[in-house]
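Take any residue in the sequence shown, note its place counting from 1, add 44, and you have its number in this note's numbering.
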Amino acid sequence: MNNILDFIPDNSRYLNNFQQSCKLFKSTVQSRLDDIFWTTLEEFLGKKNCEGLKNNTLKKLIIPRYNVWDKRRWARCSPIECSPMHLECLYSILKQNTYIEEIEFSQGTSFKYSEDKKVAQILKTNTTLRSIEYSRMYVSVKPFCDALKHNTTLKELSFYGNAWGSMNIYAISQMLKVNSSLESLCLSESGVDNNGLKLLASALKENSSLKYLGLGTSDEFGIESIIELAKSLKINKSLTSLSLGCNENGFGDDADKIANAMAKMLQYNSTLEYLDLSLGRITGVGVTKLAIGLKNNKSLKDLQLRYCKAGDDGARAIGWLLKHNTTLKSLDLYDNYIGNKGAMYLYHGMVENNTLESITFSPESEDAPEIEWQTWNLLRELAEQKENLIIHHGFGHDPI
45 MNNILDFIPD
55 NSRYLNNFQQ
65 SCKLFKSTVQ
75 SRLDDIFWTT
85 LEEFLGKKNC
95 EGLKNNTLKK
105 LIIPRYNVWD
115 KRRWARCSPI
125 ECSPMHLECL
135 YSILKQNTYI
145 EEIEFSQGTS
155 FKYSEDKKVA
165 QILKTNTTLR
175 SIEYSRMYVS
185 VKPFCDALKH
195 NTTLKELSFY
205 GNAWGSMNIY
215 AISQMLKVNS
225 SLESLCLSES
235 GVDNNGLKLL
245 ASALKENSSL
255 KYLGLGTSDE
265 FGIESIIELA
275 KSLKINKSLT
285 SLSLGCNENG
295 FGDDADKIAN
305 AMAKMLQYNS
315 TLEYLDLSLG
325 RITGVGVTKL
335 AIGLKNNKSL
345 KDLQLRYCKA
355 GDDGARAIGW
365 LLKHNTTLKS
375 LDLYDNYIGN
385 KGAMYLYHGM
395 VENNTLESIT
405 FSPESEDAPE
415 IEWQTWNLLR
425 ELAEQKENLI
435 IHHGFGHDPI
């Protein structure tokens, strides 16, 4: 094929005119291509997001839900129509952008067109992203884990609500053994079962950066995997927050054994500050074990036991704990079948405690025992005397 220059006379004037024409053509075409690019992206991300991307001022990008529901069936929550072209425009921007620190994919989005691999490729080289959230995305996790073995800047990663199998949890555990920068990982409602928890426990023995691990809303943890987790937390020196809150089925018959394993861990662990065992169906026996484990603990500041079964016996143990522990600042015992006797145990414990800042306890179930109004009056008077103490009854945000 002949070169276009072969048809231009060998004359400086003609050559100069041709060069000027090429520059004009390039600028015109480039401008048109830019318009098409941003128009395409604006259809997907919206005008406000695109303006932030153009001006390099956008810090958090929320990617709308797309390719999920049939619009005829789900008129109220219809996703935005999205094509491969929209996604190509998006990822070409993300490769170059050095301002965005957070990316959140709207819940319910289904990855298509191999977007998971494209995002993973970005993570391998990007040095500004600090947080990515994939809630209920149903993504393949392996590409992300491979990328995070090299990425040293991402701090927060959420895979909340992804129904996974053991292979995905294995990939995450292997990543945690290598990654030294990730500080927050949410895997709640992501299918972490007994075997998956053992894998994560093993990874925590080697990981030195993770501070928060969310494993809530599960009923598949047994005593064996919890024991392995407890052993790891005796060694781990970085994790400060752990959520093991269950779904409505709780920990089943292992509830009090699991509480005992956590209690033994708390006797040795010196870094954990937040522990959530809500909905675990832990009875007074298990709560008593936790109280004993926390007596001399100097790190835990927040204990969540909502919707357990502490009862008056558990409240007595907590009351005793409050007389000895000087670290605990927040305690949630909402809907724990604590009656008037249990409330008085808590009252006497709080009288001698000067560090607790917030406590919640009140029955929600109709068959739960009542707390007499005289006891509530005593608690109100105590809250007024102790300026740093807030007592909640669990209904609304206002204290008693």
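Glycine included, C-beta positions come from ideal geometry on N, C-alpha and C.
Select from the options the residue whose C-alpha is nearest the C-alpha of residue i.
i      : options                        : result
Trp208 : Lys221, Leu89, Leu231, Thr197  : Leu231
His194 : Met211, Asn223, Tyr182         : Asn223
Gly90  : Arg76, Pro108, Ser75, Lys103   : Pro108
Ile147 : Leu105, Gly296, Gln218         : Leu105
Ile166 : Pro187, Trp417, Lys275, Ser179 : Pro187
Ser127 : Gln151, Cys94, Glu86, Ala164   : Glu86
Val163 : Tyr182, Lys139, Met181, Arg180 : Lys139
Leu426 : Glu414, Ile444, Asp411         : Ile444
Asn432 : Asn397, Tyr389, Glu410         : Asn397
Arg424 : Thr399, Tyr391, Leu229, Asp411 : Tyr391
Cys133 : Cys94, Glu292, Lys255          : Cys94
Tyr351 : Val395, Ala361, Ser406         : Ser406
Ser246 : Ile279, Ala361, Val329         : Ile279
Could you pull the start and end residues of the alpha helix (DSSP H) that residue i belongs to?
i      : result
Cys230 : No alpha helix (DSSP H) holds Cys230; the beta strand (DSSP E) holding it covers 228 to 230.
Leu201 : Where Leu201 is concerned, there is no enclosing alpha helix (DSSP H), although the beta strand (DSSP E) it sits in stretches over 200 to 202.
Gly260 : Segment: none, Gly260 is in no alpha helix (DSSP H) and carries neither H nor E.
Lys104 : Where Lys104 is concerned, there is no enclosing alpha helix (DSSP H), although the beta strand (DSSP E) it sits in stretches over 104 to 107.
Asp356 : 355 to 368
Ser136 : 128 to 140
Val395 : 384 to 396
Ser246 : 238 to 248
Cys352 : Neither: Cys352 is in no alpha helix (DSSP H) and is coded neither H nor E.
Asn206 : That residue, Asn206, is in no alpha helix (DSSP H); it is neither H nor E in DSSP.
Thr332 : 328 to 338
Label residue i either buried or exposed according to how many other C-beta atoms from any shown protein chain fall within 10 Å of its C-beta, with 16 as the threshold for buried.
i      : result
Tyr312 : exposed
Lys353 : buried
Gln348 : buried
Met211 : exposed
Asn251 : buried
Thr315 : exposed
Thr142 : exposed
Phe439 : exposed
Asp242 : Checking the sequence, you will find Lys at residue 242 rather than Asp. The residue is buried, with at least 16 neighbouring Cβ atoms inside 10 Å.
Thr83  : exposed
Ser225 : exposed
Gln429 : exposed
Arg180 : buried
Glu272 : buried
Asp114 : With a pLDDT of only 40 at Asp114, under the threshold of 50, the placement of this residue in the model should not be trusted, and no figure is reported.
Glu159 : buried
Arg76  : exposed
Thr261 : buried
Ile80  : exposed
Thr327 : buried
Glu233 : buried
Glu410 : exposed
Ile435 : buried
When DSSP labels each residue in this structure, what does residue i get in the three-state scheme?
i      : result
Ala427 : helix
Leu375 : strand
Arg120 : Because Arg120 carries a pLDDT of 42, less than 50, the predicted location of this residue cannot be relied on, and the following value inherits that uncertainty. It is coil, neither helix nor strand.
Thr404 : strand
Ile176 : strand
Leu323 : coil
Gln218 : helix
Glu272 : helix
Ile302 : helix
Phe149 : strand
Leu288 : coil
Thr419 : helix
Asp114 : Bear in mind that a pLDDT of 40 at Asp114, under 50, signals an unreliable position, so the number given afterwards is only what the model happens to contain. In the structure shown, Asp114 sits in coil (DSSP, three-state: anything other than H, G, I, E or B).
Gln165 : helix
Leu81  : In the sequence on display, residue 81 carries Phe and not Leu. It is helical.
Lys278 : helix
Ile144 : coil
Ile444 : coil
Thr399 : coil
Met181 : coil
Asp411 : coil
For residue i, report the span of its beta strand (DSSP E) as first-last.
i      : result
Phe188 : Segment 186 to 192 is the alpha helix (DSSP H) holding Phe188; no beta strand (DSSP E) there.
His436 : 434 to 436
Gln348 : 346 to 348
Tyr318 : 318 to 320
Is any heavy atom in the ligand GDP found nearer than 6 Å to the beta carbon of residue i?
i      : result
Lys275 : Although the ligand GDP was asked about, the structure shown includes no ligands whatsoever.
Practice prompt. Decide yes or no for the touch test of the segment 302 to 314 against the segment 329 to 340: beta carbon pairs closer than 8 Å, at least 3 of them.
Written response: In short, these stretches touch, since the Cβ pair count reaches three.
Discussion item. Between the segment 98 to 105 and the segment 162 to 170, can you find at least three pairs of beta-carbon atoms closer than 8 Å?
Written reply: No: the two stretches stay apart, fewer than three of their Cβ pairs being nearer than 8 Å.
Worksheet item: Touch check for the segment 367 to 380 and the segment 416 to 425: three-plus C-beta pairs under 8 Å?
Response: As far as the Cβ criterion goes, the segment 367 to 380 does not touch the segment 416 to 425, which means the pair count is below three.
Item to complete: Could you tell me whether the segment 363 to 373 touches the segment 338 to 348, where touching means 3 or more Cβ pairs closer than 8 Å?
Response: These segments touch.
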